[in-house]
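The structure appears below as C-alpha cells.
In full-length UniProt numbering, the protein residues as written are 1 to 470.
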C-alpha cells in the first residue's frame, strides 16, 4: 500500500515549474534557431534547401512537443493535487500512509467491543457510584479513540477509491514523454546526411516515431481538456468572501490576486462565478470580514479600489489616503448587499455603521482652516474627526480657509486645512470666522429644544493637510 504527502507534492510542483521554465527557455531557443535557419533567404543551394526542409519538418514539431509535455507535466500534477483535495482531504498539509490507516481500521471493531463492555459495566445495577465515574471516564476515552479510528477508516476508503480512479491519470503524459524521447533518439541516431548529394536520409522508423509522437500529443491534449480549471489558474491566488445579502441569500464574492496585488482576469472571473461553488476548499483562500476589510483599507491608502482594481484619483483619492477610516461616508447598499460609495464596491459585512444620511455623491463639503496644536492635529488624523477645543464644546475655524485669520495663534501651533460637511458649520459672529459645534454646545441644546436631531459627535475631517507653522 502507498502513502501521499500533499505538502511534498506541492514542493515538488514548485520545483518542477522552476526547472521546466529553464528547460522551455532552452528548447524555445532551439526552435527559434531552426525556424530562423529554415526562413533564411540568404542561404542558397540544393543542399541548403533540403536541410531547411528537414529542420522545418522535424525540429519545430519536436520542440513544440517537448514544450507541451513540460506544460502538461505541471498541469496534470496540479490537477492531481486539486482532485485529491476535493475527493480525499482538502488540507494543504494532508499526509496519508495507507499502512498506518489500515492498522487503525483494524482497531475499529476492537474499540467498538470495548465501548460496549464499558457501557454495560457503567449501567449495571450492581456497579458502585465510584466505579461508575471510572467507567464513564474510560468510556469517553474509548469513544474518542473510536471516532478517530472511524474517521481514519473513512479517509482510507476515500484514498483507496482515489488511487483506483487515478491509476491511469498520468498515462497520457507518460506516453507523450516516451514518444517524444523515441523520436529524438531516432533523429539523433538514424538520420544521415549525404555530403555528395546534399540530402538527408530519414528512415521509415524515424518517420513513424514522429507520427507516434504527434498522436501521443493529441491524446495528451484531449486529456488536458478534461480538466475543469483554466490553463492560467496556477498563476493566481484565488480568494473567496462569503456573506448574506439583503435578500437573505448566501453569496460568495470571488477575488483574484497576483504577487500579493489585486488583479482582474475576466476569463478566470467568469469561471469562478460559474464553477466556484464546485471547487474544493484547497483551491482558494476563504477570507473573513476582518481580512477583507484590511485589504480594502490598505488598498485605498494607496489610492486603489481593491474590489475593482481601479485607481482612485482627485478628491476621492485624497479622502481615502488621508484616513483609512472611511466608515462615516458609507451609506448606500446595493441590491447584492454591497456598499457603493461612488468609489467602487465595498463589502456589506464590514460591519461599519453608516453615520451620514446622504450618499457621498450628494455630500456638500466645505474647506476650512484652523491653527491647532500638534497633539490636536495627530488626533484628527488618527480619528478622522474634528476635535473639540480644550476650552469648550465647539471648535472655531477659518471659513473660508485662510491662514491669516487667527493672527494670535500660539507660536508652536500649526495651520491645517480640511473639509467638513457644510451643514456642520455655523457663524461665529466675526467675518471669516465660523464654529463647528459639538455635543452639549449651545447649538446642540437649542436644536434639541426645537425637536431637531441632537449633535452626538464631532463631524468627520476629510482631506486633511498640514500647511506648516508661522
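Backbone N, C-alpha and C define an ideal beta-carbon position, used for all residues, glycine too. Treat the numbers as computed from the prediction; the structure is a model and nothing was measured.
Can the beta-carbon of residue i be found closer than 8 angstroms to that of residue j?
{"i": "residue 443", "j": "residue 420", "result": "no"}
{"i": "residue 240", "j": "residue 252", "result": "yes"}
{"i": "residue 32", "j": "residue 217", "result": "no"}
{"i": "residue 58", "j": "residue 35", "result": "no"}
{"i": "residue 80", "j": "residue 166", "result": "yes"}
{"i": "residue 394", "j": "residue 438", "result": "yes"}
{"i": "residue 401", "j": "residue 371", "result": "no"}
{"i": "residue 76", "j": "residue 170", "result": "yes"}
{"i": "residue 465", "j": "residue 406", "result": "no"}
{"i": "residue 213", "j": "residue 41", "result": "no"}
{"i": "residue 268", "j": "residue 298", "result": "no"}
{"i": "residue 462", "j": "residue 403", "result": "no"}
{"i": "residue 415", "j": "residue 369", "result": "yes"}
{"i": "residue 93", "j": "residue 7", "result": "yes"}
{"i": "residue 426", "j": "residue 413", "result": "no"}
{"i": "residue 84", "j": "residue 162", "result": "yes"}
{"i": "residue 183", "j": "residue 27", "result": "no"}
{"i": "residue 381", "j": "residue 422", "result": "no"}
{"i": "residue 440", "j": "residue 448", "result": "no"}
{"i": "residue 38", "j": "residue 18", "result": "no"}
{"i": "residue 24", "j": "residue 70", "result": "yes"}
{"i": "residue 458", "j": "residue 374", "result": "no"}
State the start and end residues of the unbroken alpha helix (DSSP H) segment that holds residue i.
{"i": "residue 10", "result": "6–38"}
{"i": "residue 54", "result": "46–87"}
{"i": "residue 380", "result": "374–383"}
{"i": "residue 464", "result": "Segment 462–466 is the beta strand (DSSP E) holding residue 464; no alpha helix (DSSP H) there."}
{"i": "residue 414", "result": "That residue, residue 414, is in no alpha helix (DSSP H); its beta strand (DSSP E) goes 414–421."}
{"i": "residue 271", "result": "266–275"}
{"i": "residue 444", "result": "442–449"}
Judging by CA-CA distance, which residue of the options is the nearest neighbour of residue i?
{"i": "residue 174", "options": "233, 183, 73, 371", "result": "73"}
{"i": "residue 237", "options": "243, 265, 222", "result": "265"}
{"i": "residue 460", "options": "24, 367, 371", "result": "367"}
{"i": "residue 276", "options": "449, 254, 465, 428", "result": "254"}
{"i": "residue 256", "options": "284, 247, 244", "result": "284"}
{"i": "residue 89", "options": "37, 233, 5", "result": "5"}
{"i": "residue 230", "options": "445, 220, 215, 272", "result": "272"}
{"i": "residue 164", "options": "182, 222, 87, 180", "result": "87"}
{"i": "residue 430", "options": "399, 413, 458", "result": "399"}
{"i": "residue 16", "options": "376, 78, 454", "result": "78"}
{"i": "residue 221", "options": "247, 183, 177", "result": "177"}
{"i": "residue 470", "options": "411, 392, 424", "result": "411"}
{"i": "residue 9", "options": "389, 44, 390, 91", "result": "91"}
{"i": "residue 205", "options": "185, 219, 223, 215", "result": "185"}
{"i": "residue 243", "options": "47, 168, 292, 279", "result": "292"}
{"i": "residue 278", "options": "45, 82, 288", "result": "82"}
{"i": "residue 428", "options": "168, 391, 397", "result": "397"}
{"i": "residue 215", "options": "180, 54, 21, 52", "result": "180"}
So, is the C-beta of residue i closer than 8 angstroms to a C-beta in chain D?
{"i": "residue 440", "result": "This model lacks chain D altogether; it includes just one protein chain."}
Based on DSSP bridge pairs, tell me the residues matched to residue i.
{"i": "residue 395", "result": "436"}
{"i": "residue 43", "result": "Bridge partners of residue 43: none, in fact."}
{"i": "residue 244", "result": "250"}
{"i": "residue 426", "result": "435"}
{"i": "residue 237", "result": "257"}
{"i": "residue 370", "result": "416"}
{"i": "residue 285", "result": "239"}
{"i": "residue 365", "result": "421"}
{"i": "residue 96", "result": "4"}
{"i": "residue 262", "result": "257"}
In terms of residue numbering, what span does the beta strand (DSSP E) encompassing residue i cover?
{"i": "residue 167", "result": "Looking at the DSSP string, residue 167 is not in any beta strand (DSSP E), and its letter there is neither H nor E."}
Stretch pair the segment 207–214 + the segment 255–270: three plus CB contacts closer than 8 angstroms
no
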